[in-house]
Amino acid sequence: MSPTELVREWVARFNAGDVEGLASLYAEDATNHQVVMAPLIGREAIRRMFQIEFGRAEMTCIVENLFGDGEWAILEWRDPNGLRGCGFFHVRDDEIVFQRGYFDQLSFFRLQGIPVPDHYLGA
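Going by the working numbering, the sequence shown wraps up at 131, each residue one higher than the last.
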């Protein structure tokens with residue numbers, strides 16, 4: 009499976025809220041670094057992050073652009089609420105070994121009606 013094909017499958021599982029299916033796309037020792045938080049190391053940590061996020065928010069990934077370059081896929085996305093972001097996926101042997109994502113978490117919290125943590129407000 010090419011990196012872009014794998015990311016298309018990632019999007020399908022994300023939009024289905026399939027935590028276990030998403031986690032299975034990552035290598036056992038994968039790193040997921042959403043720049044708004046510390047990097048997560050390992051499939052189990054990544055699975056827990058998806059479990060938490062799907063438990064507190066309704067999330068949909070609408071693909072705007074998807075590019076491939078060798079072992080990499082680059083995803084530009086939006087959601088129905090107007091939030092936008094991008095993700096970089098390094099794929100080896102049909103598994104995600106590294107992912108980095110960029111989005112505005114403060115806007116995510118507000119759009120989802122999630123209370124903004126005090127540390128975001130300088131408290």
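Just so it is clear, CB atoms sit at the ideal spot from N, CA and C, and this is done for glycine as well. Note that the structure is a prediction, hence the values are computed from the model and not measured.
What's the C-alpha gap between residue 68 and residue 56?
-> Here the alpha carbon of residue 68 sits roughly 18 angstroms from the alpha carbon of residue 56.
For the putative contact between residue 100 and residue 79, defined by C-beta atoms under 8 angstroms, what is the C-beta separation to the nearest angstrom?
-> Rounded, the Cβ-Cβ distance is 6 angstroms, consistent with contact.
Rounded to a whole number of angstroms, what is the C-alpha to C-alpha distance between residue 29 and residue 20?
-> As the crow flies, the alpha-carbon of residue 29 is around 10 angstroms from that of residue 20.
Residues near residue 73 in its chain [Cβ-Cβ closer than 8 angstroms; skip 5 each side] = Residues 82, 83, 84 of the same chain have their beta carbon placed closer than 8 angstroms to that of residue 73, with the five preceding and five following residues left out of the count.
Identify every residue that forms a DSSP beta bridge with residue 80.
-> Its beta-bridge partners are 77, 98.
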